[in-house]
Each structure stands twice: as C-alpha cells, then as structure tokens.
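A short write-up of the structure that comes next.
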Amino acid sequence: MGQFSFSKQERLYRKKQIEELFQKGSSFYLNPFKIIFWLAPGSTGVNQLLISVSKKNFKKATDRNTIRRRIREAYRLNKRELEPAQNLSIAYIYTAREIQPSSFIHEKMIASLKKIKGKCIAAN
RNA sequence: AAAGCAAACCGGCUUAUCGCGCUGACGAAUACCGUUAGCGAGGAAAGUCCGGGCAACACAGGGCACCGUACUUCCUAACGGGAAGGGGCUGACUUUUAAAUGUUAGCCACAGACAGCGCCACAGAAAAUAAACUACCUCAACUUGGUUGAGGAAAAGGUGAAAAGGUGGGGUAAGAGCCCACCGGGCUGGCGGUGACGCCAGCCGCACGGCAAGCCUUACGGGUUGAAAGGCCAAAUAGGCUUCACUUCGAAAGACACAGUGGCUCGCUGUGUGCGCAAGCAGGUGAAGUUGGGUAGGCUGCUCGAUUCUGACGGCAACGUCAGAACCAGAUAAAUGAUAAGCAUCCCGAUGUAAAAUUCGGGAAACAGAACCCGGCUUACAGGUUUGCUUUUUUU
RNA sequence: GGCUCCGUAGUACAAUGGAUAGUAUUUCAGAUUCCGAUUCUGAAGAUGCAGGUUCGAUUCCUGCCGGGGCUA
Numbered sequence: 005m006g007q008f009s010f011s012k013q014e015r016l017y018r019k020k021q022i023e024e025l026f027q028k029g030s031s032f033y034l035n036p037f038k039i040i041f042w043l044a045p046g047s048t049g050v051n052q053l054l055i056s057v058s059k060k061n062f063k064k065a066t067d068r069n070t071i072r073r074r075i076r077e078a079y080r081l082n083k084r085e086l087e088p089a090q091n092l093s094i095a096y097i098y099t100a101r102e103i104q105p106s107s108f109i110h111e112k113m114i115a116s117l118k119k120i121k122g123k124c125i126a127a128n
C-alpha cells in the first residue's frame, strides 16, 4: 500500500461499523471539524476514515463535493502522522458554514491527527 | 463602429507531483497484490413538468365514473414537444380626408355560449324570456305659464367592462331596418385547397351580449406500480397454522354440528353428537400457501443505444432513408480529484505613442455534479463566436 | 427515488371572483394613575415571486421559489 494512497479499504463504508463508531467513539471539536474516533479491539493494520458534509449547511452538491475532496486530500497526504496504523475508525464532520481553502484544511488536519494519536496513546 | 433584441453554437488549454474508479494485457494469477495501457460529468448532469423504453403484477368485451389534451396538416417510439400552414390581435410602412386592401415584425391554452344549468358587484330606466320609469308625439277633458286621462312608438336618457348592428340619407304627427346606400352579420350554393380555411354568386333587414383558466358538451387518449422494480447467491433465525400426498401408531375412529368472539378467514372458548372398555380422537416426512422471525452483504439488472460523427439522396421544414466510420462514465456512506506553475480571454494601473503594438504588476473567470436509459419542456448561467432585425454616430 | 398537501400583518387564523383584504394578539403614540398593570382611544403593519384568463383575482390557470407530511 502506497504512502499517500486512499483506496476503498481505508474508507469507512459499512453501516454496522459506522453505527458502532457513533455509539462507542469519543469526540472533540477542532474548527472547522467535529471529529469522532474509536479504536476497535484487535488490529487490522488499516485505519478507516469517514467524511461528512451536511446538506443543511451546503445546499449545492458541487460545494459538498469540493469540501469532501479537500478533506480527503488533506488526510491522504498527512495520514503518516498516525503511523503505525491500527484499527482506528475516524469520522470527520465539517461544521463550518463556508468553504475553507485547502491550506487551512491541511493545517487543521495535521493538528487533529496529532491530537488523535496523543489520545490513543493516553488511553492505552 | 457602438448599443439593444431574437435565434443557433461554444462553455478554457498545457505541464509537473501525489491520488481515485472501471476495463484490457502481463507477472505461477478469473476475485487479492504489483506493473502497464486506455477511458472517466453537463448544456443544462438540475427541477421532476410531460412522453416512451425496460421490468413486475393485473386484464373476455362493453358502459359509467375519474384524469388529461383541444385551429389544421404533418414529424415522431411517444408526447402537453417540434415543423409548416390557417385565423385573430397589436405595432410599423405604403396608400388615403379617414378607413379598407397590401407588405412586414411580434404575440395568441385558438373546439363548442341557438344541449342545458349558473354568474355578471357598484352605477344605471334597463344586465338578457327585452322594457316598469323620465322625456317625445297625437287626441280628449278641465282650463289657458299647466294638470289629468286614452293612445302611438321603441329613437333620446349624467351610467357601465359590456346597452341590443354602425354611419349617412329618405320617411313620419313623433319615430323606428319602416325604406335605401356603404360597412358589419347570418343562411344557401358553386369553385379552389388533404385540411383549418379562402374566393365568388344569390338570398335574408338581421332583438336574443360576455364568462367554458364556472359546471358542462363534443372528439381523442389513459390498467397499476417503479431499478429501493425484478432475478440469483451467501449469511442468519424459530418456528406456528392451513390444505394436499405418502407413511407410522391403532381393533376402529383419528370426526361432525351449533353458539360466542371477529369486518372476513384461520384460530380460540363453550355446548351437543359420533367413534372407542378407557386414556383419548394423534405422530412423522414432503410440496404449496399464509403468518411470524431473521438478514441489511455480494452478484445481476448496468450500459451498444429510437447512440455519435461524416457524406449522399428525398422533403419548404420538423424529419426520414442509405452508405461508411467510431465505442463514448458506470460510482454505490457514492470515483471522475488536490496542489503548484504557465498560456490564452477580459478589466485596472504603469511604460510607450499622433493612435497602437510591446513590456511589467495586480485582479476576474459563471450556472452547476451522472445514480436504469432515452426524447422533449422549464429554470439557472461569467464570457465568447456567428447570423438576422432595429436605433445612433462617422466616412465615401 | 416516488407520491401528496400547504404558503395571507411579527404570531395564530378569516375572507361566494366584487367597495379601502377582516379578527385576536403584538408594536408605537395618547388618555387614565403619584408611578406601573388593567382599561379606553388612535395609528402602523400582510396575500411567496413572475406571467396569463377576466370588466375585476387572496380566490381560477401555468411556470418558478420555499416549507411540511406519507412511503421504504
């Protein structure tokens, strides 16, 4: 698996897993995101990501697409912050009301990933 | 040349780095992995307003009801869409005292109001089977500036969206299509046109409005549900009941009727009858149906099609026929991207000039994201190209 | 995805196609009071948008815009 790849394995798409994440996971806010994460027992060696942009805040499908793509690129290029990969499920919920530039999202993504890693180590 | 309107078309490009989806090839290799090649959002993908394909279910035939459409002919798989034509309305030009005719541009949900019902506020004498009232004219009586009665006729009446054919003349006691001319209208016939309709001739003096985007009438069309349709597999769970067939047990029977509950069926409860000495009147397997429970994962449907491009021919056109070439998204918590740089377009400032070109810096670049697939319609849209029309200015 | 209903003052509701769109409440001003509340008087405030039918649309028709409900 490549260093910057983002294949289907790394996406969170199963309904059961999503429900599990939202029920058991812990969350924190880091502008412009709300982040929910959960470290499942056992290790598959792959972290899984879910990106959500509310239809209530962005009526147009194009706007939602651009935000989702920017967040995805930010995660893809910076995911090595979480090394070594474990069985982590993360949900990024975009809470800002306007479309933020890529540089801003990248910056916040790095900060949030570091925070997640710190919390996981503390829990263990 | 500029501005406006209408129609048609286009809707940025290139490179680098890192990525995503599908398909093919290769690597021990049909599913995972790697390498590599190809392809990968729109003119509206949108709204979901129409129409069709496709699928499942339903269906003798006819009628009623309900919904939709509405000048004619054609195009089409079909349409509420499109093309051509007809008619009407509005504006301009020509002509003219003015109209009509003619030319041209734009617009029109443009069937039926002597099949029926309903509505037409306010104002007004009257708002729809024509006329109560005022005023007009004639005669009579009383009387003399008038009043009353009888009759005539339907012209005049500050309204109103709409007033009962219009204008002019004759006629009369006063009037009236009462009569005449022109215009308008209706009916009949002929001719032309596939048809809507048009033209011509003759006849009728011709009271009877508007609204069907009020009910309605006529003609035509419409079965219902939608890809979360439908088919297959995996996983998981808990079976129950009914019917039928076979079988086991048994000597045989292994049932029947009525009532209650209930919308109905099954069922449950009760009573009676039958079989059996009595207990008791069953068990199992399979198929179909039904109810309940479970599963929310994969494959298929799924993208080659009323397809796209080019050319020829037919048609006024919409469009059709033929020939050749091409393969052009198939995602599913949902791919088609992110970042950086450059080019082209436009704007602003500077440089420069008679005006430009050039160069430098900065900025802008829309509407918008496939979800089974097509044909339309509607709505949104920076900027650009072409064509046509109108207006203004300049030059010859 | 499909089906269906509804948009009227700030709010909750009315209004056969027919005078200036009505009622309650809210807001503002005045009166009453020593000051408030209550009460009384007056005022302000609306048909979602754009077309069409009609002499005349809140009402009828068409197209947009916005909101709700049902279905799985």
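In this note's numbering, the protein residues as written are 5 to 128.
Glycine included, each C-beta is placed from N, C-alpha and C at the ideal position.
Since this is a predicted model, take the numbers as computed values, not measurements.
- Between Val57 and Ile71, the gap from beta carbon to beta carbon is short of 8 Å.
- Bounds of the alpha helix (DSSP H) holding Tyr79 are 65-82.
- Distance from the CA atom of Phe62 to the CA atom of Arg76, rounded to whole angstroms, is 17 Å.
- Among the bridge pairs identified by DSSP, Arg15 is matched with Leu53.
- Three or more Cβ pairs drawn from the region 91-104 and the region 24-31 lie within less than 8 Å of each other, which places the two stretches in contact.
- DSSP places Phe37 in the uninterrupted beta strand (DSSP E) bounded by 37-43.
- Straight through space, the alpha carbons of Lys12 and Lys20 are spaced by roughly 16 Å.
- Listed in chain order, the non-local C-beta contacts of Asp67 below 7 Å within the same chain comprise Ile103, local neighbours out to five positions each way being set aside.
- Within 10 angstroms of the beta-carbon of Pro105 lie fewer than 16 other beta-carbons, which makes it exposed.
- Here the alpha carbons of Thr99 and Phe37 stand approximately 6 Å from one another.
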